[in-house]
Ligand code: NAD
Ligand code: ZN
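Residue numbers (this note's numbering): 1 to 344.
Printed below as a string of structure tokens:
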């Protein structure tokens with residue numbers, strides 16, 4: 001089968017012929033119907049071997065959708081032909097965090113070498129993929145897999161981040177969204193669907209700001225060193241009750257700190273390496289800063305229900321598997337509108 005593989009540290013991905021896997025006991029083989037490209041893949045490809053923490057070559061793709069193709073021994077509860085999406089942050093299923101539904105924070109995954117598909121285990125950017133357990137599949141019925149697959153990360157991660165701050169998102173509140181890319185443009189829609197907050201979206205170029213406006217931002221502005229002051233002006237000096245930073249660079253986390261209100265939440269979702277000093281006097285009183293990872297399977301079920309009602313709709317650029325390297329290059333250069341999705 002064809003697979004999009006990251007072969008050597010720092011080198012571009014390649015489309016290669018690899019053996020089609022066979023599902024072992026308890027596993028499920030999917031025929032992939034769609035695989036989303038995430039900026040985290042770009043971040044992984046900028047890491048050294050030690051930072052990355054898993055071996056190459058690796059088939060990328062941590063947003064996966066497929067049709068159940070073959071069941072490993074002992075698998076029940078799904079049938080060949082079922083259309084599913086893949087819950088990516090795989091854990092042990094048994095520890096305290098997993099027991100409380102937060103498999104994304106599994107306490108045993110690292111020690112046991114349990115890695116998400118596309119981030120250590122072979123991923124979705126291939127004609128077929130192995131899913132380790134039926135619990136990591138979510139049925140999507142008749143939903144279009146191409147439009148639905150980004151919900152597994154570009155939807156799930158902002159949904160989880162917004163969920164942490166819902167009590168602060170009352171009418172009259174302000175939320176700043178930094179970065180209107182794959183995650184950000186879904187995050188804006190989720191804020192509109194779940195809350196009455198006023199949304200100010202920031203990005204670097206007009207196309208992204210236009211997309212932010214189209215999907216529901218009330219105000220948009222260029223993300224520069226004037227932005228924090230402009231946000232204060234727009235909020236009568238109060239600042240933002242919630243800042244969702246979908247970039248996480250030094251410039252954006254600094255901006256987040258400068259734009260935040262008293263008793264606000266700053267949630268750093270982007271992984272571009274920025275750090276925000278926290279301590280008495282360095283941020284407004286009772287400002288909480290968090291850096292969450294992905295989301296829970298229950299939250300993914302919520303998103304599928306929202307997709308069925310048409311509450312969220314992801315903007316996608318479609319690519320064939322041979323064009324995955326081009327899609328990654330566009331993502332790297334900030335040219336993708338919404339999410340790039342490969343249809344093998
Ligand atoms: P993306 O490339 O689709 O979108 C990023 C957007 O940010 C682009 O529109 C880009 O123009 C904009 N941008 C870049 N620099 C900016 C700046 N200084 N100010 C304002 N906007 C700027 O990326 P994505 O796939 O949506 O991912 C966003 C970030 O979230 C990445 O860092 C990714 O690695 C991270 N991520 C984190 C998690 C998690 O669990 N914490 C999960 C998925 C992705
Ligand atoms: Zn991701």
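All C-beta atoms, glycine included, are put in the ideal place defined by N, C-alpha and C. All figures in this text were calculated on a predicted structure; none of them were measured in a lab.
What are the boundary residues of the beta strand (DSSP E) that residue 214 is part of?
No beta strand (DSSP E) holds residue 214; the alpha helix (DSSP H) holding it covers 206-214.
Quick check: the Cα distance between residue 215 and residue 161, rounded to an integer number of angstroms?
Rounded to the nearest angstrom, the two C-alpha atoms are 18 angstroms apart.
Within 10 angstroms of its Cβ, does residue 282 collect 16 or more other Cβ (buried), or is it exposed?
exposed
Within 10 angstroms of its Cβ, does residue 59 collect 16 or more other Cβ (buried), or is it exposed?
buried
Can residue 210 be considered in contact with the ligand NAD, in the sense that its beta carbon sits closer than 7 angstroms to one or more heavy atoms?
The answer is no for residue 210.
Taking the beta strand (DSSP E) that residue 165 belongs to, which residues open and close that run?
Here residue 165 belongs to no beta strand (DSSP E); instead the alpha helix (DSSP H) covers 156-165.
In angstroms with no decimal places, state the Cα-to-Cα distance between residue 232 and residue 200.
11 angstroms
Should residue 62 be listed as close to the ligand ZN, given that the test is whether its C-beta is under 7 angstroms from any heavy atom?
yes
Locate the alpha helix (DSSP H) running through residue 45, then write down its first and last residues.
39-45
Helix, strand or coil: how does DSSP classify residue 184 here?
helix
Any heavy atom of the ligand NAD closer than 7 angstroms to the beta-carbon of residue 292?
Yes, the beta carbon of residue 292 sits closer than 7 angstroms to at least one heavy atom of the ligand NAD.
From residue 71 to residue 83, what does the alpha carbon distance come to, in whole angstroms?
Each residue's Cα considered, the two are about 14 angstroms apart.
Just to check, is the beta-carbon of residue 236 closer than 7 angstroms to a non-hydrogen atom of the ligand NAD?
no
Count the other C-beta atoms from every protein chain shown that fall within 10 angstroms of the C-beta of residue 318, then say buried if there are 16 or more, exposed otherwise.
exposed
Which residue marks the beginning of the beta strand (DSSP E) containing residue 231, and which one marks its end?
Taken as a continuous stretch (DSSP letters only), residue 231 belongs to no beta strand (DSSP E), being part of the alpha helix (DSSP H) at 227-234.
State the CB to CB distance for the pair residue 85 and residue 151, rounded to an integer number of angstroms; the pair is presumed to be in contact (CB under 8 angstroms).
7 angstroms
Anyone know if the C-beta pair for residue 39 and residue 153 falls short of 8 angstroms?
no
Between 148, 15 and 105, which lies nearest to residue 140 when the distance is taken from Cα to Cα?
148
Apart from the five residues just before and just after residue 109, which ones in its own chain have a Cβ nearer than 6 angstroms to its Cβ?
91
Can you tell me whether DSSP reads residue 104 as helix, strand or coil?
helix
Tell me the rounded alpha-carbon separation between residue 336 and residue 10.
21 angstroms
For residue 153, is the beta carbon positioned less than 7 angstroms from some heavy atom of the ligand ZN?
yes
Do residue 261 and residue 284 have their C-beta atoms within less than 8 angstroms of each other?
yes
Closest to residue 12 by C-alpha separation, out of 56, 21 and 51, would be which residue?
56
Taking just the CA atoms, how far does residue 205 sit from residue 241?
24 angstroms
For the candidate residues 296, 143 and 74, whose alpha-carbon lies nearest to that of residue 66?
143
If I follow the unbroken alpha helix (DSSP H) through residue 52, where does it start and stop?
49-52
Can you grab the Cα-Cα spacing for the pair residue 254 / residue 51, in whole Å?
Spanning the two alpha carbons is a distance of roughly 24 angstroms.
Name, in chain order, the residues that DSSP records as bridge partners for residue 352.
There is simply no residue 352 to check, as the chain begins at 1 and stops at 344 in what is shown.
Say the cut is 7 angstroms; is the CB of residue 280 nearer than that to a heavy atom of the ligand NAD?
no
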